[in-house]
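Read in our numbering, the sequence shown has 181 at position 171, and its numbers run on one by one without any break. Heads up: the structure comes next, in structure tokens.
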Amino acid sequence: MSLSSNAKIRTLVVDDEPLARQRIIGLLKSHPEIEMIGESRNGREAIETINRKQPDLIFLDIEMPDIDGFGVVSGMDLSYKPFIIFATAYNQYALKAFDIHAIDYLLKPYDDERFEEALELAKQQLLLRNTSKFNERLLQLVNEFSVEPDNYLKQFKIKFRGREKFIRTENILYIEAEGNYLMLHHEDGRDLFRSTMGSIEEELNPNRFIRVHRSFIINSVYIKNVAYLSNNEFKITLKNNVEVVSGRSYKDSIKAFISHSEI
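Here's what the structure looks like:
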């Protein structure tokens, strides 16, 4: 889809956090060329809306429960070539994935000026972009970041009362040691898994999971804040407001995470 200079830009905002959606919508109100066609609260809703309404511009959060932003792109009909501005609170994605011109990103928390820059780029690209190159780079991005590398654990198989269920690693918030078991805290609750912290740490993607205590491994995507306490200990607050105090011997891994993020 190409736009003329006076065409409306049909826009969809996708974020699981209501305040984040409201802020973007509020900033867009000062742009008369923007036509809001809706907002989506989760990945499934976003895929349905995108494929049905085919917006020109999508503001898409990456870290969402169930289906994340990359999963949304995987489920989209890309034949009409929308423009996407990703939003993320964790710059692992920003630094590694967004050094491309057809896609922009907003690293949370972002200011109004950065938002306006991203929006202006979107307007220019919607008028001038090379759509085939856009799609090629977008699909490359999805393939690189939506799937765990082959040598890392992709899912946990839980056995309970004769039944099996599977929990994908990206849906794990944090892992807690409980005797000879691990408690997997995830989006839908928690489950026991028979293993040790040492062995499971070796199976998890170190770019996503951080060992912060002898009894805790945290999915870094879900980290909201890290505050230094004292004696090389940190208080780590997750997006669901769970707080974990790190062990002193894990200070280096936490400092490394802080140095590569903007929380």
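Ideal Cβ placement from N, Cα and C applies to all residues, glycine included. Predicted model only: the values in this text are computed from it and were never measured.
In this structure, how does DSSP classify L163 when only helix, strand and coil are distinguished?
Reading the sequence shown from its first residue, position 153 is the one you call residue 163. In the structure shown, L163 sits in coil (DSSP, three-state: anything other than H, G, I, E or B).
Inter-residue Cα distance where the pair is I177 and L137:
Here the question's residue 177 lines up with position 167 in the sequence shown. Here the question's residue 137 lines up with position 127 in the sequence shown. Taking the straight line from one Cα to the other gives about 42 Å.
Quick one: is E188 buried, meaning 16 or more other Cβ sit within 10 Å of its Cβ, or exposed?
On the sequence shown, position 178 is the one that residue 188 refers to. By the neighbour-count rule (16 or more Cβ atoms within 10 Å), E188 is not buried but exposed.
So what's N61 in DSSP terms, helix, strand or just coil?
Position 51 of the sequence shown, counted from the first residue, corresponds to residue 61. Residue state, collapsed to three classes: helix.
Segment limits, beta strand (DSSP E) that includes D262:
What you label residue 262 is simply residue 252 of the sequence shown in a count that begins at 1. The continuous stretches of beta strand (DSSP E) do not include D262, which lies in the alpha helix (DSSP H) extending over residues K261 to S269.
Taking the beta carbon of Y90 as the centre, do at least 16 other beta carbons fall within 10 Å, making it buried, or is it exposed?
As a first step, residue 90 must be located in the sequence shown, where it is residue number 80. Counting Cβ neighbours within 10 Å, Y90 comes out exposed, since fewer than 16 surround it.
Could you round the C-beta distance between D25 and D71 to whole angstroms and report it? I think they count as a contact, below 8 Å.
Locating residue 25 in the sequence shown gives position 15, counting from the first residue. Locating residue 71 in the sequence shown gives position 61, counting from the first residue. Contact holds; Cβ gap of about 4 Å.
Beta-carbon gap between M74 and G53 smaller than 8 Å:
Within the sequence shown, the letter at position 64 stands for residue 74. Within the sequence shown, the letter at position 43 stands for residue 53. Yes, they are a contact pair.
Are I227 and I185 close, meaning C-beta to C-beta below 8 Å?
Reading the sequence shown from its first residue, position 217 is the one you call residue 227. Reading the sequence shown from its first residue, position 175 is the one you call residue 185. Against a cut-off of 8 Å, the Cβ pair of I185 and I227 comes out as a contact.
If we ignore side chains and look at the alpha-carbon of each, how far apart do E243 and R258 end up?
Indexing the sequence shown from 1 puts residue 243 at position 233. Indexing the sequence shown from 1 puts residue 258 at position 248. Cα-Cα distance, rounded: 5 Å.
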